[in-house]
Each structure stands twice: as structure tokens, then as C-alpha cells.
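Have a look at the structure below, then the notes.
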DNA sequence: TTTTATTATCGTAAAATTACGATTAAAAGT
DNA sequence: ACTTTTAATCGTAATTTTACGATAATAAAA
């Protein structure tokens, strides 16, 4: 027990959940905001902007990378992070589809 | 250690993260899909549609409720679940804003 | 009133997450 | 070569999540 029953769900649900989970921490939202702010992506100064230690930020970056939402290329001494355009679009679309499915309830109970 | 440093982030980031976290499990996505499928909201048969035990489903429902995304009203013997329109819209908007911020990178590194 | 159906909660266990300091690795600068 | 800078990884600890069976709690049905 304790581990998610991944195999039992549809690929679509697993994929959306994966992206949503990556977005499910304020530190990672903050990191993404920093990356979204700039058109260039030399960003070795993410740590300074967050109230967390270097190792913790690195861990959050790793999770965003593992979810596919960001990429990190070594650029000399620093690492160059940026949003992964494809994954970003996929996440946006998948979530948009789900959110768009809502139609107001016609029964009196809610 | 182990607990999220909630106070140190902006309310916006905490709020989006809260919604995203609630969406961050395939079972909860599946539950939301079931609720989104119908215009009425008498839904006591969520358990049958999922590969999880009754207590586990109940726990997932609780988390969706605590995040604000769904409501549950007692309707006789059963409980009537449905999407919370306001929270749903807020979550959609907050995520949409973040996703919309992306502009392709103009440097060569990614 | 007793039974049945439905959902929540409790207790428990395994696993994952969050966080930090310390260490390592790699590249650049001296 | 040595030092410095930058980021990842390791080791560790607390907390949270995921999951289940068993047990309440509540309301309808018999």
C-alpha cells in the first residue's frame, strides 16, 4: 500500500494527473513563473528568488523535468532551464479539455 | 522537515498549486470525469466505476472537497456529488493565465 | 424495530514528498 | 594545478499521500 495504482487508469488520466501533480506545489509554480517571465532562458538564479535551499530547489526542478514540463541544458558552468514547448502545450490542452467539459447542474441538489 | 513551506509563497501560487495538487492523481481525474459526464448529479455509483476500494474513493472525494473543486450534499441515503462551479472556474482561470504566459524562447540554448 | 444500503471515519502500513546540510561533479577562472 | 562557482546527488528526517479492511453513522426499507 502507499503506491498509486497507475496501471488501472486510462493513459489520458495518468498523463493529465502527471502534469497536474508537477504543478501541485507553490515552489514549482513559482519556478515556472520565473521561467515564463523571460524570453531568453539563461536562468541560474532561480535559487535566489525562492525561500528554499539550493538542494530543495534542485529537487523541484528535477520533478518538473521528470514530468517533462521543463528542459535543462548545460551551458558552461551554469544550467540553462526553459519551458518545454511541446509538453507545455499538451498539458494546457489536456487540462483545457477537462475544464471545458463542465456544464451547470440541472438538478436542485447543488 | 517534510512539510511544505506554505507561508513563504504568494497566495496566487498557493491557490493554483492547491487546485493542481487535487488534480494530481488519476483516480481524482477519473472521478471528475464521471461528475462532468452528467448534467444531473446524483452519483452514488462512483465506487463501482473505479478500481479502488470504497474507503479509498471516499478519501479521494474528500480531497477534492477540501480543495473546493466538488461539493457533496446528503440526499437521503446517498450523497449527491457535483462540481463546484465557482472553484472550477477559478481553477480554470488561474491555470489558463499561467499557461497563456508562455512565449517561445529566443535564445539558441533550447 | 430490525435490517439493509450507503458513505464516512478509524487504524494501520507502505510509499512518496518535502526539506535541509553535506558532499560530489564539472566547468571556468586564477 | 588550484580555487571558485554552479548544480546535482546523497543521506537523513519529518510529513503527507495512497490504500485497504474494519468499524461507525445515517437514512431508507422491511
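Protein chains in written order, with the UniProt record's numbering: chain A, 1 to 110; chain B, 1 to 110.
For each residue, glycine too, the CB sits at the ideal point set by N, CA and C.
Fair warning: this is a prediction, and the values are worked out from it, not measured in the lab.
Residue i CB to nearest chain B CB: under 8 Å?
{"i": "residue 48 of chain A", "result": "no"}
{"i": "residue 90 of chain A", "result": "no"}
{"i": "residue 87 of chain A", "result": "no"}
{"i": "residue 97 of chain A", "result": "no"}
{"i": "residue 34 of chain A", "result": "no"}
Does the CB of residue i have a neighbour CB from chain A at under 8 Å?
{"i": "residue 45 of chain B", "result": "no"}
{"i": "residue 3 of chain B", "result": "no"}
{"i": "residue 14 of chain B", "result": "yes"}
{"i": "residue 78 of chain B", "result": "no"}
Should residue i go down as buried or exposed, given a rule of 16 or more other Cβ atoms within 10 Å for buried?
{"i": "residue 26 of chain A", "result": "buried"}
{"i": "residue 3 of chain A", "result": "exposed"}
{"i": "residue 11 of chain A", "result": "exposed"}
{"i": "residue 71 of chain A", "result": "buried"}
Open item on the list: Does the segment 47 to 66 of chain B come into contact with the segment 45 to 60 of chain A, if we say contact requires no fewer than three beta-carbon pairs (one atom in each stretch) closer than 8 Å?
Closed with: no
Task: Where the segment 16 to 29 of chain B meets chain A: residues whose CB sits under 9 Å from a CB there - done: 16, 17, 18, 19, 20, 21, 22, 23, 24, 25, 26, 27, 28, 29
Open item on the list: To be precise: take each residue of the segment 53 to 68 of chain A, compare its Cβ to all Cβ atoms of chain B, and keep it if any distance is under 7 Å. Which residues remain?
Closed with: none
Open item on the list: Under 8 Å: do the segment 8 to 17 of chain A and the segment 9 to 26 of chain B share three or more Cβ pairs, one atom per stretch?
Closed with: yes
Task: Cβ contact (3+ pairs, closer than 8 Å) linking the segment 88 to 97 of chain A and the segment 1 to 12 of chain B - done: no
Task: Those runs of the beta strand (DSSP E) which lie wholly inside the segment 6 to 91 of chain A and span at least 3 residues - done: 70 to 75, 78 to 83
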